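Protein chains: 2
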Amino acid sequence: MNPTHIARCAQIAMLLEVSATPKPGNVDRDHDFADLRYEHFLASAIGVKDVFERAAMSDNKVGSLIKDAVEESTKWSGGRNTHFGTFLLLVPLIVAAGKGDVYTANDIVHNTTAEDAVEFYKAFKCVDVYLGDIDDLSVKDATSIDEIRRRGLTLYDIMQISAERDGIAQEWVCDFSRTFAGARMLTKKAEDMSMNDAIVHTYLALLAERPDALVQKKFDLSVAEEVSREASAVLKEKNIDAIRRFDDKLVQKRINPGTTADIVAASLFVHLLEGDEIA
Amino acid sequence: MNPTHIARCAQIAMLLEVSATPKPGNVDRDHDFADLRYEHFLASAIGVKDVFERAAMSDNKVGSLIKDAVEESTKWSGGRNTHFGTFLLLVPLIVAAGKGDVYTANDIVHNTTAEDAVEFYKAFKCVDVYLGDIDDLSVKDATSIDEIRRRGLTLYDIMQISAERDGIAQEWVCDFSRTFAGARMLTKKAEDMSMNDAIVHTYLALLAERPDALVQKKFDLSVAEEVSREASAVLKEKNIDAIRRFDDKLVQKRINPGTTADIVAASLFVHLLEGDEIA
């Protein structure tokens, strides 16, 4: 599969994810946050094309690819953090796809180095990411980079340390299992419904299945669990108005299940790559 | 200005144009047509990156660039015609920008050749475009290409022939005057309102100013004039609900002022190129 095709599938995945509506709690084509608008997500998806293409051309430097994607995205979205978590998932998936099999992303992340970890830490200089510290290696402390080199920690090691409380890191250490499950859901749902609705339902199903890690970080586990229970209830209702009410409620409380949205973007990439009609 | 930057501005212009809502009568983020959905426009904008980048790299072959853009767009949007008119405007503007000054697009179109005309005619093989015949040179007749070569008609000549009834061709022969006027409007309006609203108001102002050529082709001049009068009235009301009612009415009657939307996309490109924050 050629690198341009792979990069475009990843960009379109980003556009479809942010466009799908209503996607309770998150920015979508129908609602913005105060300083983070739908348009910023569109511009970010355009900005990262060349980085994605390099990733698909067997550039193995996962850490610096993530940093470059964050840099380009930030530049094109006027300094906002739109897709940090999404890039953490998409980059290894794109590298794996470029080598011929997206399902080998697990090998890609296992083979990361300490230099990847160092470059990844540099990505935090570009944007304000909502993230707890990674063990004793604060992403805001410049000496962390020396410490990573001294200890020889790879980017995979960093993700292992973070996995307990970070849903994206969990994907790295659990073979992207939720991403691939999401892709299967999308493929199945898209047989009976529009792409927009397939994305919304997959998002709700993933959210129902596990408390969102970003919500847990910003609030606490009980809030995240309650959101998952509601997602599950709303899915059972099979009623668009119930989804909209759930959306309104989360937006009002500023509860944005961002980790789940990142996973959906990655799932969409895998789904599109497998040859479903793009749009 | 580097070719990647120029290409990205053009892609983001396409995304912002189709996203702006409510854009009476046309596909936007809030409504689709039966077989032409918002997502098809997103995918098309992603698909054309490399063609745009070539256009910005002093590739002067305007006709084949338009054909290539149509081909890529069609491939990525599942065979739909999403942006035919938009490409006719964007390609010469991008070529001019690549040479250092978007305002010299007039020179670019004047320097087109018969080969450009031939390649342009080939673009009609990719998609179903709503277009009357160009004089006696039917776009559906394979012998037209021989006739173009025999008469030595350039693409500019073809546009001159079409200008009487085609609003995009008019831009070619009138120095892209409405495109540049639209860019100035956008820049001014964006000072006081969101980018979405600036686009909607510019679209209505351009529509109020001149009957949409696509509406005139599909219906007749009196319908197109009535649409322009209503656009003017709606603008004066300064009321979002009035814009929405106008939108509902046009959608119901399947009146889509597509030429005006194409010009807005081109205006957005010029506006973004001049350094306004992207989103």
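In the order they appear, the protein sequences are chains D and R.
If you're matching positions, the first sequence starts at 1 in the working numbering and goes up one per residue.
If you're matching positions, the second sequence starts at 1001 in the working numbering and goes up one per residue.
Glycine is no exception: its CB is placed at the ideal position from the N, C-alpha and C atoms.
Predicted model only: the values in this text are computed from it and were never measured.
Problem - Any chain D beta carbon closer than 9 angstroms to E1039 (chain R) - result: Residue contact check for E1039 (chain R) against chain D: a CB pair falls below 9 angstroms.
Handout entry: Whole-number beta carbon distance between V51 (chain D) and E17 (chain D), since they are thought to touch under 8 angstroms
Key = Here E17 (chain D) is actually not in contact with V51 (chain D); their C-beta atoms are around 18 angstroms apart, not less than 8 angstroms.
Handout entry: Exposure of I1012 (chain R), with buried meaning 16 or more beta-carbon neighbours within 10 Å
Key = The Cβ neighbour count for I1012 (chain R), taken over all protein chains shown within 10 Å, is at least 16; the residue is labelled buried.
Practice task
Between the Cα of G1167 (chain R) and those of R:A1142, R:H1201, R:S1232 and R:E1209, spot the shortest distance and give me the residue it belongs to.
Solution key: Checked all of R:A1142, R:H1201, R:S1232 and R:E1209; the closest Cα to G1167 (chain R) is R:E1209.
Exercise for the section: In the DSSP assignment, find the unbroken alpha helix (DSSP H) run with S19 (chain D) in it and report its ends. Expected result: Segment P3 to S19, the alpha helix (DSSP H) holding S19 (chain D).
Handout entry: Stretch pair the region 1211-1229 of chain R + the region 1154-1167 of chain R: three plus CB contacts closer than 8 angstroms
Key = Yes, the region 1211-1229 of chain R is in contact with the region 1154-1167 of chain R.
Practice task
Rounded to whole angstroms, what's the CA-CA distance from T21 (chain D) to I263 (chain D)? Just pull it up for me.
Solution key: T21 (chain D) and I263 (chain D) have their C-alpha atoms spaced approximately 16 angstroms apart.
Practice task
Let me know the secondary structure DSSP gives L137 (chain D) once reduced to three states.
Solution key: In the displayed model, L137 (chain D) falls within a strand according to three-state DSSP.
Exercise for the section: Determine the contact status of M1014 (chain R) and T1086 (chain R), defining contact as a CB-CB distance below 9 angstroms. Expected result: Yes, the pair counts as a contact, with Cβ atoms nearer than the cut-off.
Exercise for the section: Would you check if the region 1182-1197 of chain R and the region 1138-1156 of chain R touch, i.e. whether three or more CB-CB distances between them fall below 8 angstroms? Expected result: With the cut-off at 8 angstroms, the region 1138-1156 of chain R and the region 1182-1197 of chain R do not touch.
Practice task
Would you tell me roughly how many angstroms separate the C-alpha atoms of Q252 (chain D) and R245 (chain D), rounded to the nearest one?
Solution key: One C-alpha to the other measures close to 11 angstroms.
Practice task
Pair every Cβ in the region 1058-1072 of chain R with every Cβ in the region 53-72 of chain D, then say whether three or more of these pairs are closer than 8 angstroms.
Solution key: Result no; under three Cβ-Cβ pairs closer than 8 angstroms.
Practice task
Consult DSSP for D1028 (chain R) and reduce its assignment to one of helix, strand or coil.
Solution key: Residue state, collapsed to three classes: strand.
Practice task
Establish whether the CB of M1057 (chain R) and some CB of chain D are separated by less than 9 angstroms.
Solution key: Chain D, which has no Cβ nearer than 9 angstroms to the Cβ of M1057 (chain R), makes this no.
Practice task
Measure the Cβ-Cβ separation of T154 (chain D) and A96 (chain D) and say whether it is below 9 angstroms.
Solution key: Cβ atoms of T154 (chain D) and A96 (chain D): not closer than 9 angstroms.
Exercise for the section: Look at the Cβ atom of K969 (chain R), then the Cβ atom of T1179 (chain R), and state whether they are nearer than 9 angstroms. Expected result: With chain R covering 1001 to 1279 only, the question about residue 969 (chain R) has no answer from this structure.
Practice task
Under 9 angstroms between beta-carbons, which chain D residues line up against S1019 (chain R)? List them in chain order, please.
Solution key: Ordered by position in chain D, the residues that pass the 9 angstroms Cβ test against S1019 (chain R) are S19, R29, Y38, E39 and L42.
Practice task
Please go through the same chain and pick out, in chain order, the residues whose beta-carbon is closer than 6 angstroms to the beta-carbon of P24 (chain D), but skip the five residues on each side of it.
Solution key: Hits under 6 angstroms: F246, D247 and L250.
Problem - Continuous alpha helix (DSSP H) assignments of at least 4 residues falling wholly in the region 30-67 of chain D - result: When DSSP assignments are scanned along the region 30-67 of chain D, the uninterrupted stretches of alpha helix (DSSP H) that are 4 or more residues long and fall wholly within it turn out to be 38-47 and 49-56.
Exercise for the section: Flag G152 (chain D) as yes if its beta-carbon sits less than 9 angstroms from any beta-carbon of chain R, otherwise no. Expected result: G152 (chain D) does not count as touching chain R.
Problem - Rounded separation between R149 (chain D) and V118 (chain D) - CA only - result: R149 (chain D) and V118 (chain D): Cα-Cα distance of roughly 8 angstroms.
Exercise for the section: Check whether the Cβ atoms of P257 (chain D) and V234 (chain D) lie closer than 9 angstroms to each other. Expected result: No.
Exercise for the section: Would you grab the beta carbon distance between E39 (chain D) and A7 (chain D) for me? Rounded to a whole angstrom, and I think it's under 8 angstroms. Expected result: For E39 (chain D) against A7 (chain D), the beta-carbon gap comes to about 21 angstroms, at or over 8 angstroms, which does not count as contact.
Practice task
Measure the C-alpha to C-alpha separation of N1239 (chain R) and A198 (chain D) and round it to an integer number of angstroms.
Solution key: When only Cα atoms are considered, N1239 (chain R) and A198 (chain D) end up about 34 angstroms apart.
Practice task
Return the residue from the list R:A1010, R:T1259 and R:Y1121 that minimises the CA-CA distance to I1094 (chain R).
Solution key: The shortest C-alpha separation from I1094 (chain R) is found at R:A1010.
Exercise for the section: Would you identify the three-state DSSP class for V1127 (chain R), choosing helix, strand or coil? Expected result: Three-state DSSP puts V1127 (chain R) in coil, outside helix and strand.
Problem - Local Cβ density within 10 Å of N2 (chain D), reported as buried at 16 or more and exposed below that - result: By the neighbour-count rule (16 or more Cβ atoms within 10 Å), N2 (chain D) is not buried but exposed.
Handout entry: Beta-carbon gap between G1047 (chain R) and K1075 (chain R) smaller than 9 angstroms
Key = In this structure, G1047 (chain R) places its C-beta atom within 9 angstroms of the C-beta atom of K1075 (chain R).
Problem - Members of the region 193-204 of chain D that neighbour chain R once the beta carbon cut-off is set at 7 angstroms - result: So the list reads M195, given in the order they occur along the chain.
Handout entry: Whole-angstrom distance between D1059 (chain R) and L273 (chain D), CA atom to CA atom
Key = Approximately 31 angstroms, taken between the alpha carbons.
Problem - Any chain D beta carbon closer than 9 angstroms to A1069 (chain R) - result: Under the 9 angstroms criterion on CB atoms, A1069 (chain R) is classed as non-interfacial with respect to chain D.
Exercise for the section: Below 6 angstroms CB to CB, which residues in the same chain sit around H83 (chain D) once its five sequence neighbours on both sides are set aside? Expected result: Shown here for H83 (chain D): same chain residues with a beta carbon closer than 6 angstroms to its own, the five before and five after excluded, namely S44 and S73 in chain order.
Exercise for the section: Indicate whether A1176 (chain R) and A1034 (chain R) have their beta-carbon atoms separated by less than 9 angstroms. Expected result: For clarity, residue 1176 (chain R) is Phe in the given sequence; the question names Ala instead. Not closer than 9 angstroms, so no.
Problem - Residues in the region 250-265 of chain D having any Cβ partner in chain R nearer than 8 angstroms - result: Contact residues of the region 250-265 of chain D toward chain R are absent (C-beta to C-beta distance below 8 angstroms).
Exercise for the section: Determine, using beta carbons only, whether A181 (chain D) and L206 (chain D) come nearer to each other than 9 angstroms. Expected result: Contact: yes.
Practice task
Identify whether G182 (chain D) lies in helix, strand or coil by the three-state DSSP scheme.
Solution key: Three-state result, G182 (chain D): helix.
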